[in-house]
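Residue numbering for the sequence shown follows our numbering, starting at 598 and increasing by one per position. We put the CB at the ideal spot given by N, CA and C, even for glycine.
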Amino acid sequence: MTTRTLLMSLPLLALPALASADCLVEYKAKQDDPLRLDHGTIQLPACNSPEQVEADTRAELATRGWILLKVVSTTDAN
Numbered sequence: 598m599t600t601r602t603l604l605m606s607l608p609l610l611a612l613p614a615l616a617s618a619d620c621l622v623e624y625k626a627k628q629d630d631p632l633r634l635d636h637g638t639i640q641l642p643a644c645n646s647p648e649q650v651e652a653d654t655r656a657e658l659a660t661r662g663w664i665l666l667k668v669v670s671t672t673d674a675n
């Protein structure tokens, strides 16, 4: 199995866990020095207002050492 195939299959393994989330947020983020970019999803307890989703996503990513660039989309599971 190549590294590329493995990396492409990892999101599929996370789908059952993400299905139980109340709010899924797709985001773009970065780290500096050296520059690293990330495009991923995060689960939040609720999709309240767009401002609250952005603030919660920014705070969660900051605990992981990432800077939020953009919230791409949100999906409310309710």
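| query | result |
| --- | --- |
| Status (buried if at least 16 other CB within 10 Å, exposed otherwise) for A626 | buried |
| Span separating the alpha-carbon of A652 from that of L634 | 19 Å |
| Nearest-angstrom Cα separation, counted from T638 out to A674 | 14 Å |
| Inter-residue spacing [alpha-carbon to alpha-carbon] between A659 and Q628 | 10 Å |
| Same chain, Cβ closer than 8 Å to S670, neighbours up to 5 away in sequence not counted | V622 and E623 |
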